[in-house]
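First the structure, in the form of C-alpha cells, and then the observations on it.
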Amino acid sequence: MRFWKYQGIGNDFVLVDGITQHLEIDPEWCRRVCDRHYGIGADGVLYLLPGEGTDVTMRIINADGSEAEMCGNGIRCLAKHARDFGFVKGDVFTVHTLRGDLEATVSLKGGKVAAVRINMGAPILEGREVPVDFDGRFIDQPFEAMGVRFRANAVSMGNPHFITFDPLTEEQVRALGPVLEAHPFFPRKTNVEFCRVEDGKIHITVYERGAAWTLACGTGACATTTAAALNGLVPFGKPVDVELPGGWLRITVDPDLGYVLMEGPAELVFEGEIEGY
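Taking the working numbering, the leading residue of the sequence shown gets 48, the next gets one more, and so forth.
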C-alpha cells in the first residue's frame, strides 16, 4: 500500500489515502506502522477519507492505536496533501473531524502548500465537557500530583489538555507527564502542557496522550494560548508566537472565544510502499 510521511514542526505522521481506495481503520496496523524500530515510525496515522458534508475527512490514530478526536499538526499535513494532490481545488476548504467541521486556508509557494491556517473552532472550557472531574471552568486552579503542587488549566480543542504555567524543574516535568496523562481526574486521559510565557511568546513542552513526549502538538498550542489569554498572560485577538520543541506556530484567540486560529507549516518528508496492510 502506498503511504506518505509528513511532519508539522516535528510532529510526524504516516498518511494513507482512503479516497481512491477502500481502507478500514485498523488500530493494530497503525500501532505497528508507527513503531520507530520495526515500522515506518510516526506519532500517528492520518486517514484521508471522503468528505462528510465537507470536502474531505480526517481520522487520526495515535502511535499506541488509540484514536484522537483531533490533531492540529495532523490536520495541516492532511490539508497540504489534499490540496497538493488535487483532492480539493481551492485554497479554502473544509475538513470533517471527530472534533467537527473545520476550515483550512492554505498558502502556496512554488505551486505547493507551504503553510496552513486552520480555524480550530471554539475552545471547550466547561470541566465536564473537557472532560475533567470538575464542575465549571478549571482555569488557574490548584492541583497536586506526586506531591507536587501547582496551578493548572483544563481546555479542550476537541481533545483534552491540561496546562500549567508554574515553574517546575525538568525532573518534575519528566515525572509528571505520564502520571498526569492517566490521572483519574481525566476520564479520557489528557494531553499535558508545561509552559512558560516570556516576552509575549509561549514556550511549551508537551506530553501527548497516546504518543508520549512529542516535538509538537497543534491543539496543545491552541489550548495553551487560550489558557494564557484567560490568565492575562497574552492578549486576545492578536497572533501569539508559540514555540514547541519542533518549531513555531502562530495562534490567535477570539476575544469572544468563538474560535481559535492556528497557522503553521506542513512538509512532505517522503513517500513509499508498505506491505502487510
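Note that the Cβ used here is the ideal one computed from N, Cα and C, for glycine as well.
Let me confirm a value: residue i is counted as buried when at least 16 other C-beta atoms fall within 10 Å, else exposed. Which label applies?
i	result
Gly100	exposed
Leu155	exposed
Gln68	exposed
Phe233	buried
Glu320	exposed
Val92	buried
Asp303	exposed
Gly137	exposed
Phe317	exposed
His84	exposed
Val142	buried
Glu322	exposed
Asp64	buried
Starting from residue i, follow its DSSP beta bridges and name the residues at the other end.
i	result
Ala326	Any answer about residue 326 is impossible in this case: the structure gives the chain only from 48 up to 324.
Ser113	According to DSSP, Ser113 bridges with nothing at all.
Pro97	Val103
Arg164	Thr152, Glu310
Phe134	Phe134 pairs with nothing; no bridge assigned.
Pro225	Answer is none; Pro225 lacks a bridge partner.
Thr291	The residue you asked about is not Thr; residue 291 is Leu in the sequence shown. The partner list for Leu291 (beta bridge, DSSP) reads Gly294.
His250	Arg243, Glu290
Val142	Val103, Leu149
Arg49	Glu320
Going by DSSP in three states, residue i sits in which element: helix, strand or coil?
i	result
Gln68	coil
Glu217	helix
His128	helix
Arg235	coil
Gly121	helix
Glu176	helix
Gly158	coil
Val80	helix
Gly147	strand
Pro189	strand
Ala169	coil
Quick one: what's got a C-beta closer than 6 Å to residue i's C-beta in the same chain, skipping five residues either side?
i	result
Val135	Asp102, Ala129
Ala263	Ile56, Gly57, Asn58, Asn120, Leu291, Gly293
Ala276	Phe283, Val300
Taking 7 Å as the limit between beta carbons, can you name the residues of its chain near residue i, skipping five residues before and five after?
i	result
Phe197	Phe190, Thr211, Asp213, Leu215
Val226	Ala192, Met193
Thr237	Pro207, His208, Phe209, Leu227, Glu228, Arg256
Ile72	Tyr94, Arg106, Ile108
Gln188	Arg198, Ala199
Do residue i and residue j have their C-beta atoms within less than 8 Å of each other?
i	j	result
Met309	Met167	yes
Leu145	Glu176	no
Pro286	Thr299	yes
Leu70	Tyr94	yes
Gly174	Arg164	no
Ala161	Ala126	no
Leu223	Val195	yes
Pro97	Ile66	yes
Gly279	Ala169	no
Cys242	His250	yes
Thr252	Val220	yes
Sorry if obvious, but does the Cβ on residue i come closer than 7 Å to a heavy atom of the ligand PLP?
i	result
Thr67	As far as ligands go, the structure on display features none, and thus does not contain the ligand PLP.
Looking only at its own chain, which residues have a Cβ that is under 8 Å from the Cβ of residue i, when we skip the five neighbours before and after it?
i	result
Ile171	Val177, Val202, Ser203, Met204, Gly205
Asp131	Lys159, Val160, Leu315
Asp90	Asn58, Asp59, Phe60, Cys81, Asn109, Ala110, Glu255, Ala258, Thr261
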